[in-house]
Each structure stands twice: as C-alpha cells, then as structure tokens.
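In terms of the numbering used here, the sequence shown is residues 33 to 287. Quick reminder that beta carbons are idealized off the backbone N, C-alpha and C, glycines included. In what follows, a structure is listed as structure tokens, so that the remarks can point back to it.
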Amino acid sequence: MLERLPRPVYVRAQTLAAGTHFTTHQHDWVQFLYASSGTLRVRLPTGSFAVLPKYAVWIPTGMPHDVATFGKASFRSLYIDPTVAGVAGTRCRVVEVTALVRELISAATLLPVEYEERGRDGRLIATLLDEIAALTETDVHLPMPVDSRLRHICDVLLAEPADPRGLDEWADTAGASTRTLARLFIKETGMGFREWRQRLRLHSALERIAGGVRITVVALEVGYSSTSAFIAAFKEHFGRPPGELSPKPVVDDDD
C-alpha cells in the first residue's frame with residue numbers, strides 16, 4: 033500500500049486478470065486512471081463509471097471508490113498531489129485520451145520513481161498535466177439514487193436488467209405513486225426512468241461482452257429485442273460498437 037507519493041506526480045502501470053476487484057478505498061491524492069486496454073468499472077456511492085480502452089477517469093482526493101475489471105485489463109494510474117491537481121476538480125469524470133496524452137503517459141511510465149523534477153523529466157510531467165487538463169469529458173456515468181424506494185427498483189434492475197416493468201408496475205411494490213417515482217428519478221439521477229434503465233442495460237452489457245458472450249445473446253439478456261437496436265444504442269452511448277470490446281489478447285501498448 034502506497035503511504036506517500038515519491039514525487040508530486042507518480043505513474044504506476046498494471047495489468048490485471050479478468051475479475052480483479054479492488055474493494056472500496058480512498059486516496060490522499062488525486063488519481064487519473066487510464067485504461068490502455070480492457071474495460072474497468074469504477075463505482076462510487078453515487079453511481080458508477082465505465083472506463084473503456086483509451087478513456088480515463090479522474091478520482092478526486094478522499095473519494096471512496098472500488099475498481100473492477102471486465103476481462104483482462106491493462107491500465108496506468110497517475111497519482112497526483114492535490115496541490116498540483118487543480119485540473120481534477122471535486123467530482124469524478126471520464127475523459128477521452130488523445131494520442132498525444134497516450135504517448136506522454138507511455139513515456140512517463142519509463143521515468144525513475146524519483147525522477148528529476150527540474151530537468152527534462154519534470155518538463156515531461158508538466159506537459160502531461162497540461163494536456164490531460166484539456167481532455168474532453170464523456171458521459172459514461174450510471175448515477176444511482178439515494179431514496180430507498182428508488183434504490184429498491186434499481187437494485188432489482190441491476191440484478192435483472194431485462195426486467196420490462198414500467199413505473200406504473202413498480203409503484204405497487206415501491207410504496208409510492210408513479211408520479212412521485214418519476215419526479216424522484218429526475219431529481220436524483222438527472223434523467224427519466226426509461227433513459228436511466230436504458231443506460232443501466234448498456235452498462236450491464238459490458239461485463240457480458242468482456243466475458244465472451246455473443247452480442248446477439250447480450251442484447252437479449254439486457255432487455256433488447258433487436259440486436260441492431262442494441263448495437264446502435266451502445267455505440268451512441270460509449271462511442272464505439274460492442275464488437276470492439278469482445279475478448280482479445282491484451283497487448284501492452286506501452287512496451
């Protein structure tokens with residue numbers, strides 16, 4: 033367990049087996065977690081983020097989170113002292129990593145742990161920080177409500193994403209009217225129930241795809257009657273078709 037940072041920015045490279053899970057923890061520094069290959073899920077009390085290949089997630093200082101792999105994954109972590117991490121802000125967010133940032137991260141992994149901060153190494157790190165501060169945010173977040181009535185619905189759907197029940201039917205078991213549930217969903221997740229459920233189904237598909245389940249089967253398992261509709265929705269949300277995430281040998285592109 034890392035107790036302190038050897039430098040204001042410390043870069044760590046790891047390759048993890050499928051099904052690896054880091055239980056809930058938090059850091060005294062900011063983490064920039066970049067998936068060079070494979071897919072990660074970062075879960076917070078307020079929801080979860082999907083970190084697909086070539087994406088990265090900012091995790092603020094002191095934010096409780098757990099991390100799990102969907103299939104074998106290779107990733108890079110930048111641990112950044114909060115005094116130099118003003119780019120991170122106070123919330124989790126996923127950004128798309130550019131080719132330049134990818135190469136800068138690759139170069140940073142080759143630096144000594146206690147690199148020379150005032151020389152070329154320090155300038156490389158400073159450039160890396162400037163570039164990651166300018167990365168574009170992407171919305172691959174699955175927010176989770178706090179209200180106990182909504183959490184009951186969400187927990188059932190997390191276990192059975194193909195459950196077709198609408199809010200009218202959920203109202204009978206949730207102990208609230210359809211109107212109340214609809215209002216609470218928008219208030220606590222920022223989206224209506226149907227939109228949230230579609231996003232849940234797409235996020236639920238990630239683990240199945242990484243596990244080698246055929247796309248046609250995944251579509252049915254998460255509640256889509258049409259494979260083409262599933263592929264279109266997946267591509268719109270994640271920015272790439274599901275076939276690109278099917279299992280294949282993980283190549284460490286930083287070697």
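According to DSSP, is residue i helix, strand or coil?
i, result
"residue 130", "coil"
"residue 283", "For residue 283, the predicted model reports a pLDDT of 41, less than 50, meaning its position is unreliable and no value from the coordinates is stated."
"residue 43", "strand"
"residue 267", "helix"
"residue 138", "helix"
"residue 114", "helix"
"residue 274", "helix"
"residue 289", "This structure cannot settle anything about residue 289, because the visible part of the chain is limited to 33 through 287."
"residue 162", "helix"
"residue 35", "coil"
"residue 215", "helix"
"residue 146", "coil"
For residue i, list the residues DSSP reports as bridge partners.
i, result
"residue 48", "105"
"residue 87", "67, 128"
"residue 170", "126"
"residue 99", "54, 74"
"residue 251", "Paired residues: none, contrary to the question."
"residue 175", "79"
Count the other C-beta atoms from every protein chain shown that fall within 10 angstroms of the C-beta of residue i, then say buried if there are 16 or more, exposed otherwise.
i, result
"residue 209", "exposed"
"residue 283", "Caution is warranted here: a pLDDT of 41 is assigned to residue 283, below 50, making its placement in the model unreliable, and the coordinate value is therefore given only provisionally. Result: exposed."
"residue 157", "buried"
"residue 57", "exposed"
"residue 287", "In this predicted model, residue 287 has a pLDDT of only 37, less than 50, meaning its place in the structure is not dependable; the value taken from the coordinates is given anyway. Label assigned to residue 287: exposed."
"residue 164", "buried"
"residue 103", "buried"
"residue 248", "exposed"
"residue 233", "buried"
"residue 97", "buried"
Between which two residues does the beta strand (DSSP E) containing residue i stretch?
i, result
"residue 67", "62-76"
For the alpha helix (DSSP H) that contains residue i, what are its first and last residues?
i, result
"residue 184", "180-191"
"residue 205", "199-206"
"residue 236", "225-242"
* To do: Count the CB pairs spanning the stretch 169-176 and the stretch 132-145 that are closer than 8 Å, and state whether there are at least three.
  => no
* Asked: Does the pairing of the stretch 70-88 with the stretch 147-157 give three or more beta-carbon distances under 8 Å?
  -> no
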